[in-house]
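Protein sequence lines, in the order shown, are assigned to chains A and B.
Those letters in the first sequence? Residues 1 to 1142, per full-length UniProt numbering, in order.
Those letters in the second sequence? Residues 1 to 157, per full-length UniProt numbering, in order.
From the three backbone atoms N, C-alpha and C, an ideal C-beta is built for every residue, glycine too.
Below you'll find the structure, written out as structure tokens, and then a few comments.
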Amino acid sequence: MALKIVKGSIDRMFDKNLQDLVRGIRNHKEDEAKYISTCIDEIKQELKQDNIAVKANAVCKLTYLQMLGYDVSWAAFNIVEVMSSSKFTYKRIGYLAASQCFHESTDVIMLTTNQIRKDLSSPNQYDTGVALTGLSCFVTPDLARDLANDIMTLVSHGDCVKRKRCSVLIMYKVFLKYPESLRPAFPRLKEKLEDPDPGVQSAAVNVICELARRNPKNYLSLAPLFFKLMTSSTNNWVLIKIIKLFGALTPLEPRLGKKLIEPLTNLIHSTSAMSLLYECVNTVIAVLISLSSGMPNHSASIQVMKYLGLLAMSKILKTHPKSVQSHKDLILQCLDDKDESIRLRALDLLYGMVSKKNLMEIVKKLMLHVDKAEGTTYRDELLTKIIDICSQSNYQYITNFEWSVSQPVTPHPPGISVSWWTIRVFAVAQMATLLDNAHLLTGSMQRNGICEVLYAAAWICGEFSEHLENPLQTLEAMLRPKVATLPGHIQAVYVQNAAKLFATVLKSQEGNTDSTTAQETSQLMIDRLPLFVQSANLEVQERASCILQLVKYIQKLQQKDVEVAEEVIALFAGELNPVAPKAQKKVPVPEGLDLDAWINEPPSESESEDEQPKAIFAKEEPKHSRPRHTEVDEKELARRREARKQEQANNPFYIKASPSSQKVYQDAPGVEHIPVVQIDLSVPLKVPGLPMSDQYVKLEEERRQKERAEKKKKEKKKRKEKRSGRGKKHDSGPESEEDITPAHMVDIVTEEMPENALPSDDDDKDPNDPHKALDIDLDKPLADSEKLPVRSHRAAEAPKSPAEDGDAESAATQEPKKKSGKEKREKKKDKDRDRKVSLKCSVSLQIQFSTSRIFNELSPSSFWVFNEKKSSKHKKKKQKKEKEEKEKKKKKKKHHHHHHHSDGGGEESVQNGTVEEEEPLPVSVYDIQGNLQDGSQVVVSVIFENKCDSFLKSMEFNVLDSLNSKLQRPEGSGPHDGLTVPFQLPPGVSNEARFVFTVQSIVMPQKLKGTLTFIVKDSSTHEKLDFKLHFTCTSYLITTPCYSDAFAKLLESGDLKGSSVRLEGVNMPFHHLLARICFHHHFSVVERIDSCASMYSRSIQGHHVCLLVKTSGQTVSIDAKCDEPTLLGNVLDEIKQTFSQC
Amino acid sequence: MIKAILIFNNHGKPRLSKFYEHYTEDTEQQIIRETFHLVSKRDENVCNFLEGGMLIGGSDYKLIYRHYATLYFVFCVDSSESELGILDLIQVFVETLDKCFENVCELDLIFHVDKVHNILAEMVMGGMVLETNMNEIITQVDAQNKMEKSEVTSVLA
């Protein structure tokens, strides 16, 4: 042995340690990858050795390689090994490696639960420290759930400051992963805010600040506490955190603001820490108070302050926009700064301060910057911002739409022109000019994004063609051969809108006696359209050929002097309303509509094969029998319908669909969605014939001046008339926001929403935000159910979904079941009436099955313990064999009877256990009930009935946990502590208590030993009663009805394993036999044919149990199938036992 | 919350990476590379803050960095952290390293990255600041080193 150790240490000396590895890598600069791969091979060898020191060294090297980007997850198990070393040195290495490379999907993480638990309660505070540090990095929901209680114990009982503060900090991580723990743990956390140790205090502040940042309103009640801390604490870090927290709280509670001024001012004056000062100022701003004087001067990097200043300003902006607007020039200057961070901040700020007055100016400046900007990201950002600025709040700041529409960069004319009908006329004229000059844009600019404008322009001209002055000219422009060089989607729009224009032209010519213009137009269409028919773009081709035929037909009609204009125009009739981007989402799904369901059964392959020949041989009559569209109108209607359909499909009817909707930018973080980014800036953004934006600025200015002059005149008049004393104020002041009247009275059309759409804005929230789960009301008192899970083993992957299925299913079937149960029970009642002992048991609503009821008899006569569910509705008498007890009644020897009780004639299981006691002995009866919500929880209700003449008090209930089943104890108590029964028992009184057990595996029956201690008042002596709880497998089964087809499917699935049992000498009618199995073992009969029946049941963890029971003479054979063979075996044993006893 | 702490040298070689949220090794390397790219092209006299953008977590996150001789110390934090507070924290971190390694230089970090991790663990735990007082940190680190030493000698003895 000693030799081995020596050998191990010698080996170790020759191993590479971390330093050697690093050195080696540095020496192999050329073939680093190769060198590292040999090192990894060495490490793999080292990991295979038994010596933990060698392993730790290897893991240490792996941690380094992980940093270099090598995947080391293959060594996860070895890391766990090193973690569980008893030596701190190795443990630390292990935890470090784990914290670097473990994550939620690392499977070995579940192996660490017990190791971490051990380390948390280790006497060495540093063990706890490294465990917590590691855990904070790789905590998973499972770990959080399993360890929450241990961490809470550390928080409250931790003897050492370091442990305490670590455990307080880690609570935040636990909350994130396991939100249910927040409420039970919160009181402790709150206590820690007042901990005498500043370190613990600061940890608690840290955690609460993180929590409150996401859901501040839940933490308002803590404000006084924080206020006290703020005035007393000297730790700058804590102060910063608290002040930041107040910044988040004040908007919710305005009264806080006033209170905060004084301490904040004090801090600002007294502190020397720049960071604290900044945060104070920041919060002061958030608190809506401007503290302009008394700021001490600090010398700091101008750039840092510039950035933070801009950041602060953006906060002021939200509440006091006017005070920031006066610094507009300064901010515009910041755009010239060489630091990109500062430039972006300034941009943000500009975005917020745009108003009706300064919009044009700001955008003009920004456009200049676009020209200058170097680096694509920044330029993209600029352009996005420009568009955002223009479109913000539904274009509310744009007073002069002519200006907006004339901005070639503005890509949202469709949006605008749909929304504001007043400006359509103008927009249409603009766009027509644009189209006329399209040849300038195309050609050299073909490749860049500007031609997207044509897309919009063509659409506007078509849709609002009635506003065109000279539709014919525009039509001609749209059908120029050059158009064919445009991208396909634009061509398609061109073609479609040419048809619209054509309709308008026809309409306008209708009245004319001279029909040449109309005919010329038709001819023009017929001449030009073939160009598009040949297009390679499918859509263009399709539309063009469709329209071409239409026009040809119209031409024919024209030649016959038929008036067609009305009908043609009807093709494109219909007003467009803007549709809100969220509209689609908000259309409520009609009740009963399941979009995922098949409307018709999908045809199977064989069917379609069968049908094919049929179709071939079937007469084609149906087609012929359809009335031929001989009438002109009908034929045209059909074609119109088609054209209309197409048009609808391609119209930018939904604002959302247009690539330029403002929402798109706001929602999509990426810049690639912005259609304007490819603008080639070497090309001047000017189109001849269009007034330049500058001109508009000038025009606008003039217009405003005029208005102002007029207003002044009016005001003077008013003043003269009124002669009130306070007149002069308005005279010379700068024009206020309200004074600017928009160039057009534009009524903003509200965007269309589907009826009964909810006006909520919730859908903006990210449902994946982990903090959403932590939005929990912390002031509500704790409910019973909200307890931290007591330490327990991980439940074997409880198959949740089947259990939940069962829930729903059983909810549906509950009513009838209850009834039948009641009936049955009432029958029993009669039967049992003559028995001596009555036992109450119940079926509750939430809990589906009450399982084996066991009489646990400790004393024959005096003290009964019954079980009952609180919400009990049905009572049932149960028999009990008292006689036996009486026989056994002897002092100093008490027998423990296990009555494995079932129905009226229920059998007893073997009793066990003796109690050394002279006191009157109680009988305990209990009921084990599986908790459907949680496949690993079982509720045991116990009724204690005092049958003796003395008063009993201080009862404590305790059970010796097994590996599999554990009594859930309140947080903070040890694994061997008893639970106090929360009542006292006067003579002859009974009361009920419930205890929750966590059961890991339900496949095996279990017996748990327990003791009940109590004090008999008269003698004031401590008494003790032992008992046993018998968890049978049957008790985990839930009576679940099953239909025969589902049953057949289940058997066919092949997932189930079979087993069978034979019962000899059963002489009872078959239906009695079935009833017995149903009652005792929670099965339900699926189907019964003569002397054969199939039965079904399901466990709380979702195992299916299927039985096929056959009888012939006195022999009963049961063939059973279950997905869990062990469970099945035990259930069958229990069934066998049931029948062996009757 | 601190989301990540990175140390790399003027050439972008990682000297320490600590992510408080899980990324794959490849993503981690990419983040380090991109962060280096962003940080290294900035002048010495510009501000110490940088918006990470899409790099880590989006707009709520900032890169706060300091440049010491050959090394960049970068903290990626969200808006719950005070910008200047983190700058101070970086200073504390570096001073602590200086104390523990006695005139720290890049080589110390290269060869003793595990020790750097241990020191960092005393300052930041799971993305939250545990301790900002340098003396307290050093006391804790020393105590643990002492323990480690006693264990090692007992093995050799």
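- Item | Whether A/Val59 touches A/Gly94 by CB criterion (8 Å) | Yes. Within cutoff.
- Message: Taking 8 Å as the cut-off, does the stretch 963-974 of chain A touch the stretch 146-165 of chain A (at least 3 CB pairs, one atom from each stretch)?
- Response: Segment contact: the stretch 146-165 of chain A against the stretch 963-974 of chain A, three or more CB-CB distances shorter than 8 Å; contact assigned.
Requested in this report: Measure the CB-CB distance between A/Thr83 and A/Thr112 and report whether it falls below 8 Å.
Outcome: For the record, residue 83 of chain A in the displayed sequence is Met; it is not Thr. With contacts defined as CB atoms closer than 8 Å, A/Met83 and A/Thr112 qualify as a contacting pair.
query = Taking 8 Å as the CB-CB cut-off, is B/Ser40 touching chain A?
reply = Not closer than 8 Å to any Cβ of chain A, the Cβ of B/Ser40 fails to qualify, so no.
Near the ligand GDP: A/Gln523 beta-carbon under 7 Å from a heavy atom: As presented, the structure is devoid of all ligands, the ligand GDP included, so that no description of it is given.
* Asked: What residues from chain B crowd round A/Trp237, counting only those whose CB sits closer than 7 Å?
  -> Correct list: Gly85, Val129, Thr132.
Element boundaries [beta strand (DSSP E), containing A/Gln1000]
Per DSSP, A/Gln1000 lies in no beta strand (DSSP E) segment and is marked neither H nor E.
Discussion item. If I measure Cβ to Cβ from B/Gln140 and keep anything under 7 Å in the same chain, skipping five residues before and after, which residues do I get?
Written reply: Within the same chain, B/Gln140 has close Cβ partners Glu122.
_Uninterrupted alpha helix (DSSP H) stretches inside the stretch 172-203 of chain A (no shorter than 4 residues)_ = Listed in chain order, they are 182-192.
Quiz prompt | Whole-angstrom distance between A/Met171 and A/Ala204, CA atom to CA atom | solution = Using only the alpha carbons, I get a separation of about 9 Å.
Worksheet item: Among residues of its own chain, excluding the 5 on either side of A/Pro141, which ones have a beta-carbon nearer than 7 Å to its beta-carbon?
Response: Answer for A/Pro141: Lys177, Tyr178, listed in chain order.
is_contact[A/His103, chain B] using C-beta, thresh 8 Å
Chain B, which has a Cβ nearer than 8 Å to the Cβ of A/His103, makes this yes.
May I ask you to list, following chain order, the residues of the stretch 16-36 of chain A that have a beta carbon less than 9 Å from some beta carbon of chain B?
-> The stretch 16-36 of chain A vs chain B, Cβ under 9 Å: Leu18, Gln19, Val22, Arg23, Arg26.
(message) Residues in the same chain with beta-carbon distance under 7 Å from A/Ser167, minus the five sequence neighbours each way, listed in chain order, please.
(response) Within the same chain, A/Ser167 has close Cβ partners Leu132, Ile151, Leu154, Val155, Gly158.
Please work out which residues of its chain come closer than 8 Å, Cβ to Cβ, to A/Thr521, disregarding the five sequence neighbours upstream and downstream, and give them in chain order.
The residues are Leu472, Leu475, Phe502, Val505, Leu506, Gln509.
Note to self: So with CB distances below 7 Å, who are the chain A contacts of B/Ala4?
What the structure shows: What B/Ala4 touches in chain A: nothing, since even the nearest Cβ is about 12 Å away.
Entirely enclosed beta strand (DSSP E) segments - the stretch 967-1052 of chain A, minimum 3 residues = DSSP assignment within the stretch 967-1052 of chain A yields the following whole beta strand (DSSP E) runs of 3 residues or more, N-terminal first: 990-999, 1006-1016, 1021-1031.
Check: Among A/Leu967, A/Val564, A/Ala273, A/Gly352, which residue has its Cα nearest to the Cα of A/Leu310?
Finding: In terms of CA proximity to A/Leu310, A/Gly352 leads the group A/Leu967, A/Val564, A/Ala273, A/Gly352.
Discussion item. Just to confirm, is the Cβ distance from A/Ala212 to A/Leu256 under 8 Å?
Written reply: Going by C-beta atoms, A/Ala212 is not nearer than 8 Å to A/Leu256.
Same chain, Cβ closer than 7 Å to B/Leu87, five either side skipped, listed in chain order: These residues qualify, in order along the chain: Asn48, Ile64, Arg66.
Identify each residue in the stretch 158-170 of chain A for which the Cβ-Cβ distance to at least one residue of chain B is less than 8 Å, and report them in chain order. Only Lys162, Arg165, Cys166, Leu169, Ile170 from the stretch 158-170 of chain A bring a Cβ to less than 8 Å from some Cβ of chain B.
(message) Pop quiz: A/Lys966 and A/Thr998 are said to be a contact at Cβ under 8 Å. What is the actual Cβ separation, rounded to whole angstroms?
(response) Their Cβ separation, rounded to whole angstroms, is 5 Å, which keeps A/Lys966 and A/Thr998 in contact under 8 Å.
*Mind checking if A/Arg92 is an interface residue toward chain B, Cβ cutoff 8 Å exclusive?*
Closer than 8 Å to some Cβ of chain B, the Cβ of A/Arg92 qualifies, so yes.
**Asked** Could you give the residue range of the beta strand (DSSP E) that holds B/His11?
**Response** Neither: B/His11 is in no beta strand (DSSP E) and is coded neither H nor E.
Test: B/His22 CB closer than 8 Å to a CB of chain A: Residue-level contact check: B/His22 touches chain A, since one or more beta carbons of chain A fall below 8 Å from its beta carbon.
* Is it true that the CB of A/Cys1042 sits closer than 8 Å to the CB of A/Ile1002? -> In this structure, A/Ile1002 lies away from A/Cys1042, with their beta-carbon atoms at least 8 Å apart.
Legend entry - Touching by the beta-carbon criterion (3+ pairs, under 8 Å), the stretch 99-115 of chain B and the stretch 35-51 of chain B: Output reads no: the stretch 35-51 of chain B does not touch the stretch 99-115 of chain B.
- Task: Could you tell me whether the stretch 1110-1120 of chain A touches the stretch 1053-1069 of chain A, where touching means 3 or more Cβ pairs closer than 8 Å?
- Result: These segments touch.
- prompt: Using 8 Å as the limit for Cβ to Cβ distance, is B/Gln144 near chain A?
  reply: At a cut-off of 8 Å between C-beta atoms, B/Gln144 counts as an interface residue with respect to chain A.
Only counting runs of 4 or more residues, tell me where the alpha helix (DSSP H) segments fall wholly within the stretch 106-183 of chain A, in order along the chain. Runs found: 112-120, 125-138, 141-157, 161-177.
task: Starting from A/Asn958, trace the beta strand (DSSP E) both ways and give me its first and last residue.
output: Segment 952-959, the beta strand (DSSP E) holding A/Asn958.
### Message
What ranges does the alpha helix (DSSP H) occupy inside the stretch 236-287 of chain A, keeping only unbroken runs of at least 4 residues that lie completely in it?
### Response
As far as the stretch 236-287 of chain A is concerned, its whole alpha helix (DSSP H) runs of at least 4 residues are 236-249, 255-270, 274-286.
Identify the residues that DSSP records as bridge partners of B/Lys62: which are they? According to DSSP, residue pairing for B/Lys62 in a beta bridge involves B/Glu51, B/Val77.
Review point. Looking at A/Val1085 and A/Ser1097, is the spacing between their C-beta atoms short of 8 Å?
Key: No, the pair does not count as a contact, with Cβ atoms beyond the cut-off.
Problem - Assigned exposure category for A/Gln1101 - 16 Cβ within 10 Å defines buried - result: By the 10 Å Cβ count, A/Gln1101 comes out buried.
| request: Output yes if chain A places a C-beta closer than 8 Å to the C-beta of B/Leu50; else output no. | output: Judged by the 8 Å Cβ criterion, B/Leu50 is in contact with chain A.
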